[in-house]
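The structure appears right after this line, and notes come after that.
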Amino acid sequence: MDYRPRDIEKKWRKYWVENETYRVSNDSDKPKFYVLDMFPYPSGAGLHVGHPLGYIASDIFARYKRLRGFNVLHPMGYDAFGLPAEQYAIQTGVHPAVSTDENIQRYREQLDNIGFSFDWSREVKTSDPSYYKWTQWIFRELFEHWYDKGQQKARPISELIAHLEKQGTQGLQAAQSEEISLSAEAWKKMSAKEQDTLLMDYRLAYRKTTYVNWCEELGTVLANDEVKDGVSERGGFPVERKPMLQWSLRITAYAERLLQSLQTLEWSEAMKKMQSNWIGRSEGAQVFFPIQGHDESIEVFTTRPDTIFGATFMVLAPEHDLVESLTTPDQRAAVDAYLEYAKSRSERDRMADVKEATGVFTGAYAINPLTESPIPIWLGEYVLKDYGTGAIMAVPSDDDRDHRFATKFGIEIIEVIDKSDYPNAGREDKVGKMINSGFLNGMEVLDAIEKTLQAVEERGIGSRRVNYRLRDAIYSRQRYWGEPFPIVYDPEGVAHSMEISELPLELPELEDFKPASGGKSPLARAEDWVNLPNGWERETDTMPGFAGSSWYFLRYMDAHNPEEFASRKALDYWQDVDLYVGGTEHAVGHLMYSRFWHKFLYDKGLVPTDEPFKKLINQGMIQGVIESMMMQKEKVNGYNRFVCADLAAAEVDTEFVKIPVHVDFVQNYGTPGSYMDTDSVKHFTDWRPEFQNAIFECGNGTYQNGKFQPKGSADGSYLMTVSEVGKMSKRYFNVVNPDDVVERYGADCFRMYEMFLGPVEQAKPWDTKGIDGVSKFLRKFWGLFFDEADALFVTDETPTKGEQRILHTCIKKITDDIERFSFNTCVAAFMIATNDLQKEKCNKRAILEPMLTLLAPFAPHLTEDLWHQLGHSETVHNSSFPVFDGNWLIEDSVSYPVSINGKKRAMVDFPMGTPSDQIEKTALELEEIKKWIDGMTVRKVIVVPNRMINIVVS
RNA sequence: GCCCGGAUGGUGGAAUUGGUAGACACGCAGGACUUAAAAUCCUGUUCCUGUUGAGGGAGUGCGGGUUCGAUUCCCGCUCCGGGUACCA
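Each residue of the first sequence is one higher than the one before, starting from 180 at the first, in my numbering.
Set out below in C-alpha cells:
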C-alpha cells in the first residue's frame, strides 16, 4: 500500500470530528495540563507558513502530554475586534462583523488543514456579545475598585467611601493619580459631581484628562505601543500629543507586584528583562526645593541624592503646574514664546533632535536645601510631565543632559565627585569620592547616597521614594469595532456603572463607520442608543484591542457559561496556563495587561493563582526571501530602465529604487547568485503590465518588448537581483500559504518540516528546498509496515536486542527533547530510528507499535492510519506513550577515543566496567599511540570512565 | 547610548554537565536499477596538503586567557537580529 497523505489525512480528520477525539472534559481524575497559543487576530490576508510554527509546537506538546496521561486543555479562538476590519468597513461599507466572520472562516479552514488537536467546542471570539459581556463585567469591577497600598490589594469603592466619610483621607494608603488630603467634613460637603471627580483619582478604571497619542488620520487615540517612531503602527500616520478626557486603567498600582512575581515565572530572561525595563523601577529620593518669595516648593525625584551639592539649577517640564505662578514679569514674554514652541512639538519632533537642548529661564529662583544657595528655575522640554514629578534638580557635573543644558545656557557647573581613581568612568557612573559637598566630602558615592537619604529625611526636606516608569494604560478608543463601555452619565456628568443584569451592552447597528465630529467615536452618531429615556447618556468610546485578550485564557476553561466568566469549579480545576506559546511582539503589551487583570481577579478571590502564564515559549519569526530588481529612478527616453544589481552598484551617480519581484520568477532565489533569465523577465512583464515596455539591462545584453539583444555570444538575460531576508508579506510577493504546502506534501510532512527547520525560538527564513528530506522520511517510515508487494507485513515475533535498542534510544531522545522543546532534534531522532530499523528489516509489532505512539504527536494522520491498520479500533491519540527501559541500552563494551594533548588519535574498545588503570595501560601500548609518545615524556594520563582518554605528553 | 539574543561546512542545523566538532537533512558528485526519465537505493562530501593508499596540518566570527582538554567558562573586540530611550 502506498503512502497517500491526501487521502488518509482527510479521512482521519473527519474521524476525529465525528468521534469528538479532542473534546476535553472539566471533569477528570487525571492531572490537568493547559497548553495555550496566543490569540490570533484574523486578518484578511489569512495564515502564511510563519504563523503555524508556534501552533505546531504547542500541538505536539499538547498531544504528548495527553499520551502521558494528562487531561489537556488546548483551545483556540479569535481576537476579533480591531482596527483593520473597521478601516475596511470605512472603505467598503462592509460591516466589520461580516468581514471578521469571513476572515475567521478562512483561518479555521487553514488551521483545520494542519491537523491540530484543538477542542473547538470551546472556541471564543472577543466580538461575540456573550464573550464581551464578561469583558465589560471585568471593566465594571475595575471601575468599582481602588487599590489599598497598605494591604497590597484591590478593595471595593464602597469601602473607600466609608473611609472618607469617617476620617477623610487620613490613614489612607491608596494608589492614585495625585495625592489628595481631605477631611471627612470636606468630603461630605462635596457635590455628587465633585465626589465623582475625587473618586476617579482612586478607581482602578478611571477617567481623566491625559495627554494622549492622537492620530488624526485614524480619528483615534493610540496606546504607546501602537505608536512607532512617532507614527501609527498600523497605517503609518502622524501622531500628535493632545489633551483629552480618557478612560485609563491604573496598572501602576500593581507595578511592584508585576515586577516581583516575574521571578516566579519560567519565561526567558530576555522576556522578563523587557518587562522589568518597561516597569522601570528606580530607587531614590523625593526632595522639596523651596522657591524664593513663594509659599510653594518644587518636588523633584532623583536617583542621585549624593550630587545635590552640585545641583546648580532646576528644570520644570513646560506643562508643569507651577510654571504660571513662577514666571516673573520680565521673563513672561520669553516663557510664553517657549510654551508656544513646546506645544507645537510632536512626539516625533522631540525624538528627532534629542541632542539639542532647548529651554527658557522663568526668572524665579529656588533654594538648594543643602547648600542654601539660590539656583535658577528653567523650563526645558527634556523634562517630561508624566515621569517622576515633572521637575528635576539639575546636576550638570554628573548628568549628560544637564551638562548639555548648562553648557548651552551658561549655567554654573560645580564638580562634586573626584573620579581621578577611575580614569575610564563616564559622567554618570556612580564611582569616585565626594568633593565640594559639605558633610559628604571624602565619602564614596554609594555611601554618600545613603548618607544624603538619611540627611534629607532628618531635615524633613524629603524622603526615600521608589519611582516607576510604567504609566497607566489609556483605555478609550474613538472607534466602532470594540467593546462598548458599561458606563452611563447622569445629567450632572457623573459616571455610573451599568447593572450586571443589563450586560452585555451590545454595539448599536451603524451604516457609516467613520469617526464622528470632534474626535468622537462613530457610536456618538447612534443617537437613539446614546440618549437614554431618563435623560442619561451612554459612553461613546469603545475599549482597546487588549481588552478582550487580557482574560480570554480564563474563558476557555468554561467557554459557554452564561452566569459567570467561568465557574469556580472550572477555574479551580484548570488553575492557570502551564505552557503559553507566542511571539515576542506581545512582550510588554498583552503579557503585561493580562498579568495585571489576573492579579486584580486574584485579589477579588475570583481566580486561584496570582499569575496566569507559568511557562512561556517564544517562537521565532519565519522570514521570507525578498528579491528585488534595481530600477533607475528616472525614466530613460520615456522607458523604465531595470539594470543588473552589479551594474547598478557600478553606476554610483545614478539613483535606483528596489522593485520587489515575485520570488517564483527568480532563478537561484535567496542566494548571492540570484538572477532573472529571459523567461523570468517575460513572466515579470506579463505580471506587471505597467513595465511592459521597460528596458532590462545586464552584462549579457538588453531585453525589451519580448526581445533579447545579446552582447557577443551570450544566449539570454542574466539580470542579477538583490536578495534579502525579511518579513513575509504581500508587498514583497513572498508569502507562502500553508495550504499549498499541505496540498503537495501532506499536513504531517508540513508539520514535521516546520519543526525540522531549526529551534522553535529562533528566527529563520522559509525555504521549501529541504522539505523532500522529511517527505522521504515519512515514506520510509510508512514502508516499515509493508512488504515488497506493498501488503501490510507486521509480525508478533520477539524483537532482537538490537531492535529494542533502536526503539529505546528513540523513546529516550524524544521524551527528553519534547520536554526541552527541542523539536528539530526529535525529527532527526525519528529519521535515525527509521533508517536503523529499515537496515534491520524490522517488522515486529512490539517495535513498530510503540514507534507509532512516539510519532503520533508529530504526524497525527499517518500514525492514526497505520494504528488502525494494525487492528486497533480506538484512536492512537488516546493510547499511552511508550515507557523507556534503560536496560536495553546497556552496552557490553565502550569505545574510547584516545587523545594526545586533547587531539583524537585512536579509538579503542573496552569491556564495560574495565578499571581505569588497565584502560590507561592498554591505551599507552596501542600502535597508533606509541608513535606519538616515542621520544616524548608522558606527563599525565586522564581517563574519564565511559567517555574518553587523554594522554598529556611533552 | 543602554539591555537581551546570536555568529559552527556550499545551505538549514546537531553536539543536554567542559570530554570523539559537523548528528540529521538539503545540495552537490559518482554509481545501481531503467531504452530513457522520474522515483528509489548505494557510496562520497569541513578546508588545506598528500599523484593512489596511508598519513599530516588547520578548523566553531576576531584577539587573548583559564584547563590535561573549550563550540561550551572568563576578558576584550567585530558584525547581525530584537527590545528600549531626553526616564531624572
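All C-beta atoms, glycine included, are put in the ideal place defined by N, C-alpha and C.
None of the values given here were measured: they were computed from a predicted structure.
Can you tell me whether residue 214 is buried or exposed? The criterion is at least 16 other CB atoms within 10 Å of its CB, across all chains shown.
buried
In whole angstroms, what separates the C-alpha of residue 464 from that of residue 760?
40 Å
Counting pairs of Cβ atoms below 8 Å between the stretch 536 to 547 and the stretch 555 to 562, do you hit three or more?
yes
Whole angstroms are fine: how far does the CA of residue 983 sit from the CA of residue 1023?
Straight-line Cα distance between these residues: approximately 10 Å.
Which word fits residue 232, buried or exposed, when buried means at least 16 other C-beta atoms lie within 10 angstroms of its C-beta?
buried
Under three-state DSSP, which class holds residue 838?
strand
So what does residue 761 bridge to, in DSSP terms?
Answer is 797, bridged to residue 761.
For a test of the three-state rule: what should DSSP assign to residue 616, helix, strand or coil?
Residue state, collapsed to three classes: coil.
Between the stretch 671 to 690 and the stretch 726 to 743, do at least 3 Cβ pairs fall closer than 8 Å?
no
Please state whether the Cβ-Cβ distance between residue 1003 and residue 934 is less than 8 Å.
Contact flag set, yes.
Between the stretch 940 to 951 and the stretch 971 to 988, can you find at least three pairs of beta-carbon atoms closer than 8 Å?
These segments do not touch.
Take residue 809 and list the residues in its own chain whose beta-carbon comes closer than 6 Å to its own, dropping the five residues that flank it on each side.
822, 824, 827, 835
Check whether the Cβ atoms of residue 386 and residue 674 sit closer than 8 Å, and answer yes or no.
yes
Within 10 Å of its beta-carbon, does residue 657 have 16 or more other beta-carbons around it, so buried, or fewer, so exposed?
Label assigned to residue 657: buried.
Give me, in chain order, the residues of the same chain whose beta-carbon lies closer than 8 Å to that of residue 585; leave out the 5 immediate sequence neighbours on both sides.
Listed in chain order, the non-local C-beta contacts of residue 585 below 8 Å within the same chain comprise 491, 492, 573, 575, 591, 592, local neighbours out to five positions each way being set aside.
Which stretch, first to last residue, makes up the alpha helix (DSSP H) that contains residue 451?
448 to 458
Please classify residue 827: does DSSP put it in a helix, a strand, or coil?
Note: residue 827 maps to helix in three-state DSSP.
Put residue 219 into one of helix, strand or coil per three-state DSSP.
coil
Identify which residue in 869, 894, 885 has its Cα closest to the Cα of residue 878.
894
Going by the beta-carbon positions, is the gap between residue 956 and residue 383 smaller than 8 Å?
Judged by their CB atoms, residue 956 and residue 383 are not nearer to each other than the 8 Å cut-off.
What do you reckon, are the CB atoms on residue 993 and residue 1033 nearer than 8 Å?
yes
Taking all protein chains shown into account, do 16 or more other C-beta atoms lie within 10 angstroms of the C-beta of residue 520, making it buried, or fewer, making it exposed?
exposed
On a Cα-Cα basis, can you pick out the residue from 698, 643, 672 that is closest to residue 655?
698
How long is the line joining the alpha carbons of residue 587 and residue 459, rounded to whole angstroms?
Cα-Cα distance, rounded: 30 Å.
Between 1063, 1070, 1037, which lies nearest to residue 1056 when the distance is taken from Cα to Cα?
1037
Where residue 244 and residue 235 are concerned, what is the direct C-alpha to C-alpha distance, given to the nearest angstrom?
14 Å
Am I right that residue 870 and residue 816 are in contact with their C-beta atoms under 8 Å? What's the rounded C-beta distance?
With a Cβ gap of about 15 Å, residue 870 and residue 816 do not count as contacting.
Any idea what DSSP makes of residue 885, helix, strand or coil?
Note: residue 885 maps to coil in three-state DSSP.
Below 8 Å between beta carbons: does that hold for residue 340 and residue 323?
In this structure, residue 323 does not lie closer than 8 Å to residue 340 by Cβ.
Please specify which runs of the beta strand (DSSP E), each continuous and at least 3 residues long, are wholly inside the stretch 360 to 434, giving them in chain order.
384 to 394, 399 to 401, 419 to 428
What is the DSSP secondary structure of residue 535, counted as helix, strand or coil?
coil
Rounded to the nearest angstrom, how far is the Cβ of residue 366 from that of residue 351, given a contact under 8 Å?
In fact, because the Cβ distance is near 11 Å, the residues do not count as touching under 8 Å.
Measure the CB-CB distance between residue 219 and residue 258 and report whether it falls below 8 Å.
yes
Determine contact between the stretch 472 to 485 and the stretch 622 to 633, defined as no fewer than three beta-carbon pairs at a distance below 8 Å.
yes
Ignoring anything shorter than 4 residues, give me the alpha helix (DSSP H) runs that lie fully in the stretch 286 to 362, in order along the chain.
308 to 322, 336 to 346, all fully within the stretch 286 to 362.
So, for residue 981: in the same chain, excluding its five sequence neighbours on each side, which residues have a beta-carbon less than 7 Å away from its beta-carbon?
1019
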